[in-house]
Amino acid sequence: MRAFIFPGQGSQFIGMGQDLADSFSEAREVFEEVDESLGQSLSKIMFEGPEELLNLTENTQPALMAVSMAVMRVLQSQGGVNLAKVASYVAGHSLGEYSALSAAGTFSLSDAARLLKLRGQAMQRAVPVGVGAMAAILGPSLEEVEAMAADAAQGQVCTAANDNSVGQVVVSGHKEAVERAVALASERGAKRAVILPVSAPFHCSLMAPAAEEMRQALAEAEIKTPVVPVVANVSAQATQDVEDIRRLLVEQVTGAVRWRESVLWMKDQGVGEMVEIGAGKVLSGLVRRIDKEIECESVGTPEQIESLIARLS
């Protein structure tokens, strides 16, 4: 069994998607449609920068989705790849869940772009710059990091936000509390503890105002049943129920990304191969850390697309 997985924030880079646009008219059409739906030249920012503009959350989120969907469009058009026939599940890391849902036909491309633009703006609005922070804690288990976060909170918010892989957990919350967690991690033998260069404390209760904005937006969005089950970040289980998807996407804004559990859940269902669709290879690296038995490849360049088409045909 195979799953298609879709990257989240941190996989972006200047120039992403340019080789796809140069090689495939289908990819150019995806980027043009996203530009038109957002009323901005997002593709120009993706291809040329500047980096600080691409790294703005409201741009990063739809940009990464656009690259993933460009790859999917080429696979479908050039390779005749039918997602329902080649994948048993789809999943994505944080914003990548929207890419997964779009690939499975739940959202139209333009709706996904607009929802992610709003999601990025809402997350930035929820907490003033400098008030929140996130930090990666490398080495300790999830349970150990949860205990550190609880000890560091001291009346503020500090929680495990991303359970990315074995020994890689991200905490999120008030800046001072996250700094205390980093200090505690060093004291308690973590291999490394580092504040991340992000503009807001994602996936914690400080994001409640953003969750409310997304609740309203998703209530009005057209959501279709995905052609394959989607493994949700917050439940680490699959669903095809439209109302479940709507609810879980709202919960995802403040809830933890249970990526390690999601990967292991898919393995338990019989998935032995995962294909990362889009920019970079962050998720492939995480999957290998989670379980070396799972075969994993990244597909984001013209050569990688052609190789996958040849393998699937």
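To get my numbering, take the position in the sequence shown, counting from 1, and add 817.
Built from N, CA and C at the ideal position, the CB exists for glycine as well.
Computed from a predicted structure; not experimentally measured.
- Residue range Q985 to H991 is occupied by the beta strand (DSSP E) that includes Q985.
- Along the region 879-914, the alpha helix (DSSP H) occurs as fully enclosed runs of 4 or more residues at 900-903, listed in sequence order.
- Annotation for T976: the continuous beta strand (DSSP E) segment containing it runs C975 to S982.
- For E849, the enclosing alpha helix (DSSP H) covers residues S842 to L855.
- Rounded to the nearest whole angstrom, the C-alpha separation of R1009 and I1040 is 41 Å.
- For R845 and E996, the gap between their C-alpha atoms comes out near 43 Å.
- In this structure, the CA atom of G949 is about 6 Å from the CA atom of A1017.
- The continuous alpha helix (DSSP H) containing R1077 extends over residues W1076 to D1085.
- Put simply, the backbone Cα of A1002 is about 30 Å away from that of I822.
- Cβ contact annotation for A887 (same chain, cutoff 8 Å, sequence separation greater than five): G834, L837, A838, F841, E843, A844, V847 and F848, in chain order.
- In this structure, S927 lies away from S858, with their beta-carbon atoms at least 8 Å apart.
- Counting C-beta pairs with one atom in each stretch, the region 1110-1121 and the region 919-939 have fewer than three that are closer than 8 Å, which means they do not touch.
- According to the DSSP secondary-structure assignment, T1056 is paired through a beta bridge with V1047.
- Residue burial is scored here from C-beta neighbours: T1042 has fewer than 16 other C-beta atoms within 10 angstroms and is therefore classed as exposed.
- In this structure, C1113 and S1130 do not form a Cβ contact; the two beta carbons are roughly 20 Å apart against a cut-off of 8 Å.
- Exclusion of the five residues before and after S916 leaves F823, M882, S885 and G909 as the residues of its chain whose Cβ lies within less than 6 Å of its Cβ.
- Assignment of R1009 by DSSP, reduced to helix, strand and coil, places it in the strand class.
- A straight-line Cα-Cα distance of about 7 Å links A966 and A977.
- D1085 counts as exposed, since fewer than 16 other C-beta atoms from the protein chains shown sit within 10 angstroms of its C-beta.
- With contacts defined by Cβ atoms closer than 8 Å, E865 and K934 do not form a contacting pair.
- Relative to the Cα of E1030, the nearest Cα in the group G1095, V986, A921 and R1064 belongs to R1064.
- In the displayed model, S1115 falls within a strand according to three-state DSSP.
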